[in-house]
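J.:
Numbering (this note's numbering), first residue to last: 82 to 401.
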C-alpha cells in the first residue's frame with residue numbers, strides 16, 4: 082500500500098519519473114526469486130543496483146550451467162540507466178517447442194540498445210528496444226517464472242502475478258490523473274473564454290459538472306484499488322496468497338483506474354482550451370503520458386472480460 086502511494090506521489094510530480102520508478106522497482110523486485118549466488122553477483126558489496134526488465138517472452142535453449150537467450154524486446158523503460166536487465170525467456174527443445182519458462186537477469190553490457198524511443202507520450206522514460214543474441218546466462222541468474230517461489234524478502238513476494246507488479250501501474254495512473262485535475266482547477270479560475278462577452282471557465286455549469294464528476298470517479302477508482310490491494314496484502318501477511326480470481330480483480334481495478342485517469346485528463350485538456358496544446362502546458366503531457374500508459378499490457382480492457390468470466394464461474398486467465 083505504501084508502494085502505491087509513493088509511486089502515485091512521484092508520478093503526480095513528473096510522469097516519466099513515476100514510470101521509471103515503478104518499472105525499476107518492479108524489475109529489481111524479481112531478484113527475490115534468484116538463487117543466493119545470483120544475489121551475490123547483482124548486489125556485490127551490498128550495493129543496490131538499478132534494473133530494467135519486462136515479462137514479454139524471448140527464446141532460450143539450455144546450455145551447460147545455464148541458458149543461451151535470444152530475442153528483441155520493446156519498452157525497455159530506464160534501460161539506459163540500468164546496470165541489470167531482466168527478461169523472460171521460453172526454453173525450447175530441439176524441435177523449437179517451449180518446455181520451460183525462465184526469468185533471467187543479465188548485465189546491461191550484454192544487451193544491445195536500439196535508439197528508437199521517439200514517441201508521443203512518456204518521452205522521458207527512455208523505453209528503447211533492446212536485443213539479446215545468443216548470450217549465455219548462468220543458472221544462478223535465472224529462476225522458474227511459473228513457480229515464482231521467493232528465496233528471500235517479506236510478504237510482498239508472495240503476491241504472485243500480476244499482483245506483484247500491477248499495483249505499481251495503479252499508483253502511476255492515479256498520480257498523473259490527479260495532477261491533471263489539480264492543474265485544470267488552477268487554470269480554470271484564471272482562464273476566460275468567449276468571442277464576445279468573455280466568462281471564466283470556472284463559472285460554467287458544464288465545467289463544474291465535468292470536474293465534479295471526474296474528481297469523484299478518480300477517487301472512487303482509487304478507493305477500489307486500495308481496497309483490492311489491501312485485501313491481497315492481508316492475505317500474504319497471514320501466510321496466504323491471492324487466488325486467481327483475486328489476481329484478475331487486482332488487474333481489472335488497475336484498468337478501471339487507468340480509464341478514470343485518462344477520462345479526467347481528457348476533460349481537463351478540453352476545458353483548458355487552446356493553451357493546453359502548448360508544450361509548456363502540463364495538461365497536454367498528462368494526456369499523452371496516460372495514453373501511453375493505457376497501451377501497457379496490464380492496462381488492457383481484456384481484464385474486464387476476465388473479471389466477468391471469474392464472476393460467472395467460466396475459465397479465465399489473470400495474465401493472458
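Glycine included, every Cβ here is placed at the ideal spot set by N, Cα and C.
Leaving out the 5 sequence neighbours to the left and right, which residues in its chain are closer than 7 Å to residue 208 when beta-carbon positions are compared?
T.: Closer than 7 Å at the Cβ level, and outside the excluded window around residue 208, lie 156, 157, 158 and 198.
J.: Classify residue 270 as buried or exposed, calling it buried when 16 or more other Cβ atoms lie within 10 Å of its own Cβ.
T.: Residue 270 comes out exposed.
J.: Relative to the C-alpha of residue 259, which candidate in 362, 292, 239 and 246 has its C-alpha closest?
T.: It is 292 whose Cα lies nearest to the Cα of residue 259.
J.: With DSSP collapsed to three states, give me the class of residue 195.
T.: Residue 195 falls in the coil class under three-state DSSP.
J.: If the criterion is Cβ atoms closer than 8 Å, does the pair residue 391 and residue 326 meet it?
T.: Taking 8 Å as the Cβ cut-off, residue 391 and residue 326 qualify as a contacting pair.
J.: Using 10 angstroms around the beta-carbon of residue 395, count the other beta-carbons present and answer buried if the total reaches 16, otherwise exposed.
T.: Exposed is the call here.
J.: Write down every uninterrupted run of the beta strand (DSSP E) in the region 299-378 whose length is 3 residues or greater and which is fully enclosed by it, in chain order.
T.: Runs of the beta strand (DSSP E) inside the region 299-378: none found.
J.: Note down the Cα distance separating residue 124 from residue 249, rounded to an integer number of angstroms.
T.: Rounded to the nearest angstrom, the two C-alpha atoms are 23 Å apart.
J.: Tell me the rounded alpha-carbon separation between residue 186 and residue 222.
T.: Cα to Cα, the separation comes out at about 5 Å.
J.: Buried or exposed for residue 303, going by 16 or more other Cβ atoms inside 10 Å?
T.: So residue 303 ends up on the buried side.
J.: Apart from the five residues on each side of it in sequence, which residues of its chain come closer than 7 Å, Cβ to Cβ, to residue 226?
T.: Cβ within range, chain order: 169, 182, 183 and 184.
J.: Mind pulling the beta strand (DSSP E) runs of 3 or more residues that sit fully within the region 215-279?
T.: Here the runs fully enclosed are 223-225.
J.: Can you tell me whether residue 396 is helix, strand or coil according to DSSP?
T.: Looking at residue 396 - three-state DSSP - the assignment turns out to be coil, as it is neither helix nor strand.
J.: Are residue 104 and residue 151 touching if we call contact CB-CB under 8 Å?
T.: Result no, Cβ atoms of residue 104 and residue 151 do not sit closer than 8 Å.
J.: Assign residue 179 to one of two classes, buried (16 or more other C-beta atoms within 10 Å of its C-beta) or exposed (fewer than that).
T.: So residue 179 ends up on the exposed side.
J.: When you compare each of 300, 342 and 257 to residue 98 by their alpha carbons, which one comes out closest?
T.: Per the Cα distances, 257.
J.: Contact criterion: CB-CB distance below 8 Å. Does residue 359 meet it with respect to chain B?
T.: Within the model displayed, chain B is absent; a lone protein chain is all it includes.
J.: Is the beta carbon of residue 329 less than 8 Å from the beta carbon of residue 384?
T.: Result yes, Cβ atoms of residue 329 and residue 384 sit closer than 8 Å.
J.: Got a sec, what are the start and stop residues for the alpha helix (DSSP H) residue 110 sits in?
T.: Per DSSP, residue 110 belongs to the alpha helix (DSSP H) from 96-110.
J.: Which residue comes first and which comes last in the alpha helix (DSSP H) that contains residue 117?
T.: That run of the alpha helix (DSSP H) goes 117-123.
J.: Which runs of the beta strand (DSSP E) at least 3 residues long sit entirely within the region 164-194? Give them in chain order.
T.: Here the runs fully enclosed are 165-173 and 179-188.
J.: Going by other Cβ atoms of all chains shown within 10 Å of its Cβ, with 16 needed for buried, is residue 261 buried or exposed?
T.: Flag for residue 261 reads buried.
J.: Can you name the start and end residues of the beta strand (DSSP E) that residue 148 belongs to?
T.: 147-157 is the extent of the beta strand (DSSP E) around residue 148.
J.: For the beta strand (DSSP E) that residue 128 lies in, which residues bound it at each end?
T.: Residue 128 -> no beta strand (DSSP E), and no H or E assigned at all.
J.: Looking at the secondary structure, which residues open and close the beta strand (DSSP E) in which residue 133 lies?
T.: Start and end: 132-144.
J.: What is the DSSP secondary structure of residue 210, counted as helix, strand or coil?
T.: Strand, per DSSP.
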